[in-house]
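All remarks here apply to the structure that follows.
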Amino acid sequence: MTMPHEVLGTPYDGQVVQRFLAEQGGVEADIEDMDGELYVDALAAGLCMIAQPNGHGLDTVIMYAEGEEEGYSAYEGPLPEGLQMGMSRSAINAHMGRAPDFSSPKHDSWDLQHFRLVVHYRGGILKEVAITTDR
Numbered sequence: 008m009t010m011p012h013e014v015l016g017t018p019y020d021g022q023v024v025q026r027f028l029a030e031q032g033g034v035e036a037d038i039e040d041m042d043g044e045l046y047v048d049a050l051a052a053g054l055c056m057i058a059q060p061n062g063h064g065l066d067t068v069i070m071y072a073e074g075e076e077e078g079y080s081a082y083e084g085p086l087p088e089g090l091q092m093g094m095s096r097s098a099i100n101a102h103m104g105r106a107p108d109f110s111s112p113k114h115d116s117w118d119l120q121h122f123r124l125v126v127h128y129r130g131g132i133l134k135e136v137a138i139t140t141d142r
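If you want this note's numbering, it's the 1-based position in the sequence shown plus 7.
Spelled out as structure tokens, the structure:
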């Protein structure tokens, strides 16, 4: 199974991304250019992937819980760092083993070795996970 962080830095239309999407049920992805950023939306898989115009491949992957973002189904694949949708904020902080590098009322983020992990909460429960190399 391809982990979400494995698509970072790869071409949005490359084999790694195609395999990742196939593992999510073979969903189709829509590609939209928004001011030079390419958004690869796989609504049925609960995924949004973003590539910058610099040619360095995907730099962000966003995974949604059911109902978190309009039009997106629930992401059901593996989450980074062993997280699970629906975990509480306190459980995530304990699981990560250290305080977040940045925290606000609605999200926490950790700068890890190869990417930044950002978790978004609604009502103190994990509802969205983003990983990015755009720090």
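For every residue, glycine included, the Cβ atom is placed at its ideal position computed from N, Cα and C.
Mind reading off the beta-carbon distance from residue i to residue j? Whole number of angstroms is fine, and I expect it under 8 angstroms.
i, j, result
"Asp-40", "Thr-140", "Contact flag wrong, Cβ pair sits at about 20 angstroms."
"Ser-111", "Val-125", "Not confirmed; about 10 angstroms, so no contact."
Suppose you measure from the CA of residue i to the CA of residue j; what does that come to, to the nearest Å?
i, j, result
"Ser-95", "Glu-88", "15 angstroms"
"Val-6", "His-127", "Since the first and last residues shown for the chain are 8 and 142, residue 6 lies out of range."
"Asp-118", "Val-68", "15 angstroms"
"Gly-5", "Leu-133", "No statement about residue 5 is possible, as the shown extent of the chain runs from 8 to 142 and does not include it."
"Glu-73", "Arg-129", "12 angstroms"
"Gly-43", "Ile-57", "10 angstroms"
"Arg-123", "Ala-101", "18 angstroms"
"Gly-64", "Gly-104", "30 angstroms"
"Met-92", "Pro-60", "31 angstroms"
"Glu-75", "Tyr-82", "10 angstroms"
"Gly-131", "His-121", "26 angstroms"
With a threshold of 6 angstroms on Cβ separation, who are the neighbours of residue i within its own chain once the five nearest residues in sequence on each side are excluded?
i, result
"Arg-26", "Thr-9"
"Leu-50", "Gly-78 and Tyr-79"
Going by the CB atoms, is the gap between residue j and residue i shorter than 8 angstroms?
i, j, result
"Val-136", "Leu-90", "yes"
"Met-70", "Pro-11", "yes"
"Leu-45", "Ile-138", "no"
Excluding the 5 residues flanking residue i on each side, which residues of the same chain have their C-beta closer than 7 angstroms to its C-beta?
i, result
"Lys-113", "His-127 and Tyr-128"
"Val-34", "Leu-28, Ala-49, Ala-51 and Ala-52"
"Ala-36", "Leu-28, Val-47, Asp-48 and Ala-49"
Grab me the residues of residue i's own chain with a C-beta within less than 8 angstroms of its C-beta, minus the 5 sequence neighbours each way, in chain order.
i, result
"Glu-30", "Met-8, Thr-9 and Gly-84"
For the ligand SAM, any of its heavy atoms closer than 7 angstroms to the Cβ of residue i?
i, result
"Gln-91", "This structure lacks the ligand SAM; in fact it carries no ligand of any kind."
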